[in-house]
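Protein chains in written order, with full-length UniProt numbering: chain A, 1 to 221; chain B, 1 to 562.
Glycine included, each C-beta is placed from N, C-alpha and C at the ideal position.
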């Protein structure tokens with residue numbers, strides 16, 4: 001039997017047998033080389049209570065080349081692209097070892113959620129947010145967990161209707177509602193205000209560093 | 001001990017000290033000793049170079065892969081004897097520090113253990129249970145391959161028998177943690193004792209070597225930095241000799257890329273290396289044009305100092321690069337646009353006026369303006385076909401700017417056309433060569449001449465081709481030379497060579513007549529000698545000019561600043 005197939009089958013079986021880690025690996029269309037992994041957000045982090053899904057592609061010369069993994073679930077984390085789900089983790093690149101398994105790699109992802117490395121970011125904007133104001137970053141991360149990963153408070157926390165949707169956008173970007181309202185009052189569209197403030201990292205202590213004129217300038221571009 | 005070093009016949013110079021000297025512990029002394037050696041090394045290559053070297057030629061020596069391997073081996077043996085380690089360990093240490101022997105010696109004398117751990121030839125210190133037989137030793141232990149087989153577990157080739165690795169006691173079938181295949185019978189491990197089955201090792205190394213072109217192989221275990229020594233790789237690859245050859249090629253490439261006076265032949269699938277110590281530094285490239293030929297074929301001509309795979313004498317690398325970039329960049333398209341077009345003052349579209357009056361209407365934005373003053377047409381009132389609003393000062397400036405732009409374009413084209421012409425002619429001369437060959441055959445039949453006597457044609461074609469290449473690059477050089485006496489002298493030489501080459505070209509193409517063949521032969525031979533002489537004069541003069549720092553450029557050239 002093909003060594004790669006044998007190994008992958010064994011890894012999937014091992015995962016099924018192990019109930020304690022709550023890590024799942026499922027097949028996508030019966031192809032054992034394209035999988036979906038799932039794990040719980042680690043306790044004591046903004047990701048707690050969420051369930052995160054990862055797209056897994058097994059390369060041809062696995063396990064001698066690293067698996068390709070990216071988040072399917074949107075994650076607000078400095079080392080995960082908020083747009084594509086691409087992951088910046090050394091073991092998925094040059095630090096890969098053939099001894100690592102799908103399960104151990106998923107566990108590594110889980111622990112990456114516990115310990116972000118903002119100095120080596122995948123998503124620079126998120127990393128900036130993290131560096132500027134950790135508590136604000138955590139709020140946003142928790143909010144994303146709630147919205148995308150089915151975290152707690154998802155059902156009754158957010159308001160309903162149009163007002164709720166508006167608040168969502170602001171909370172999603174980790175911005176202060178008052179700030180958005182302030183520039184909206186000048187006659188700019190809400191979406192544009194959110195976009196510019198997010199880009200300029202208008203959060204926490206950084207607010208004092210950014211002149212209002214600078215924001216208006218950006219808004220006018 | 002110096003018997004492995006075969007490319008030199010000055011072995012005493014290479015190893016000016018004997019073995020006791022090498023054992024000296026003083027780090028400072030060691031540093032100086034290795035410096036002497038490096039000097040001796042450079043001197044070695046003079047032996048290989050031609051004895052009568054022209055001023056425009058550089059000293060270099062082509063090396064085959066086995067030659068380079070021997071040089072590597074000499075370094076490895078040297079380090080191995082100084083540090084008292086296995087050659088395979090010395091090789092890993094050298095690779096780890098990019099073959100910088102001085103740095104390695106210095107660092108190793110400073111903290112041998114740290115270097116060995118970083119290079120992956122020694123296990124990092126562990127607090128609770130130190131591994132047996134190694135904890136007290138400060139120097140790296142041998143890393144000979146450790147092969148454990150269920151049938152025989154005492155096969156440790158390459159280690160000096162010092163290794164006291166106990167035979168692995170098998171309790172139940174060992175399952176390789178990578179392939180989970182319990183039918184495997186052969187297991188291999190590096191000094192870190194991370195055991196994997198032989199077929200996984202083979203797959204792993206093949207994947208590293210083949211797909212990643214990686215020659216630094218480490219243990220497969222997660223976070224384990226222990227490096228695989230060559231004998232281990234050899235053993236693990238077993239019968240896959242192709243990958244083993246590739247691995248050795250990669251090692252040579254890594255070595256060559258680390259040593260400044262070595263360069264790999266850029267021709268496809270060529271495995272030769274050229275050593276050119278005189279062109280090893282960047283600063284030397286403003287003084288010499290290091291054109292070299294590798295040992296595999298006379299046609300593998302390339303520049304040691306830059307990526308141009310051709311003879312670009314007489315221009316130095318920096319100028320040749322600038323010229324090629326200029327020709328490639330299409331920067332002259334911009335020049336043309338500048339001298340032939342204007343921009344719509346509203347939407348900035350480029351407009352070429354190809355007739356009609358000065359009342360322009362931009363096709364794109366429908367803006368109406370005056371071609372002469374570029375102002376809006378509405379302000380012109382009734383002065384339809386002439387512009388009297390024209391500002392005097394602005395007009396002079398605009399005209400000047402246009403003339404300047406045109407002049408620089410024309411200047412460039414002057415040089416470019418001649419450059420391209422010589423390139424074209426050189427190509428044609430290759431076709432001419434085919435014709436000449438036929439002619440030579442004819443001559444053998446129609447005249448009394450023997451084969452050796454008709455060779456003058458071949459020689460003439462070769463020289464024409466070579467000189468056209470020189471001429472081609474002289475135009476690149478002239479384009480950047482600052483005006484002055486030196487440039488005039490240079491252009492005189494260029495003209496003389498050009499005239500001679502054209503005359504010779506004409507002679508070669510002349511029809512062959514059995515009656516006149518003897519006179520033709522005389523003429524061609526004479527002309528060939530003359531052309532060759534002129535080419536040498538030009539090359540010698542420019543080469544001397546670089547050494548005397550006589551040339552000055554009309555622009556900033558890398559290496560000529562200050």
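- In the structure shown, residue 62(B) falls within a strand segment according to DSSP collapsed to helix, strand and coil.
- Fewer than three Cβ pairs drawn from the stretch 238-256 of chain B and the stretch 116-129 of chain A lie within less than 8 angstroms of each other, which leaves the two stretches out of contact.
- Burial check for residue 430(B): the Cβ neighbour count within 10 Å stays below 16, so the residue is exposed.
- In this chain, the alpha helix (DSSP H) harbouring residue 231(B) covers 230-237.
- Listed by position along chain B, the residues whose Cβ is nearer than 8 angstroms to that of residue 6(A) are 179, 180, 181.
- When the beta-carbon positions are compared, residue 79(A) and residue 112(A) come within less than 8 angstroms of each other.
- The shortest CA-to-CA distance from residue 275(B) to any of 287(B), 295(B), 268(B) is the one to 295(B).
- Bounds of any beta strand (DSSP E) do not take in residue 261(B), whose DSSP letter is neither H nor E.
- Shown here, residue 553(B) sits in a strand according to DSSP, grouped into three states.
- The beta carbon of residue 211(B) sits closer than 8 angstroms to some beta carbon of chain A.
- Any Cβ of chain A closer than 8 angstroms to the Cβ of residue 200(B) would place that residue at the interface, and such an atom is present.
- Burial check for residue 28(A): the Cβ neighbour count within 10 Å stays below 16, so the residue is exposed.
- In this structure, residue 351(B) sits away from residue 357(B), with a CB-CB distance that is not shorter than 8 angstroms.
- Look at residue 497(B) here: in three-state DSSP terms it is helix.
- Ranked by Cα distance from residue 199(A), the first of 150(A), 52(A), 219(A), 84(A) is 219(A).
- Residues of the stretch 61-82 of chain A with a C-beta atom less than 7 angstroms from some C-beta of chain B are 61, 63, 64, 65, listed in chain order.
- Sequence-distant partners of residue 542(B) (beyond 5 residues in either direction) whose C-beta falls short of 6 angstroms from its own C-beta, in its chain, are 314.
- Contacts between residue 10(A) and chain B, judged by CB atoms closer than 8 angstroms, involve 180 in chain order.
- Between residue 502(B) and chain A, the shortest Cβ-Cβ separation is not below 8 angstroms.
- In this structure, the CA atom of residue 126(B) is about 14 angstroms from the CA atom of residue 226(B).
- Of 556(B), 462(B), 453(B), 491(B), the smallest CA-CA separation from residue 539(B) is found for 491(B).
- Restricting attention to 198(B), 65(B), 178(B), the CA atom closest to the CA of residue 185(B) is found in 198(B).
- Listed along chain A are 64, 98, each with a C-beta nearer than 7 angstroms to that of residue 204(B).
- Annotation for residue 425(B): 468, 505 place their beta carbon closer than 8 angstroms to its own, counting only its chain and skipping 5 residues before and after.
- Judged by DSSP in its simplified three-state form, residue 122(B) adopts coil rather than helix or strand.
- A Cβ-Cβ contact shorter than 8 angstroms links residue 132(A) with residue 205(A).
- In this structure the stretch 448-457 of chain B touches the stretch 516-531 of chain B; the number of beta carbon pairs closer than 8 angstroms is three or more.
- The beta-carbon separation of residue 316(B) and residue 546(B), rounded to 7 angstroms, stays under the 8 angstroms limit for a contact.
- Under the 10 Å beta carbon count, residue 321(B) is surrounded by 16 or more other beta carbons and is classified as buried.
- Listed by position along chain A, the residues whose Cβ is nearer than 7 angstroms to that of residue 420(B) form an empty set, because the closest Cβ is around 46 angstroms away.
- By alpha-carbon distance to residue 300(B), the top candidate from 269(B), 176(B), 423(B), 554(B) is 269(B).
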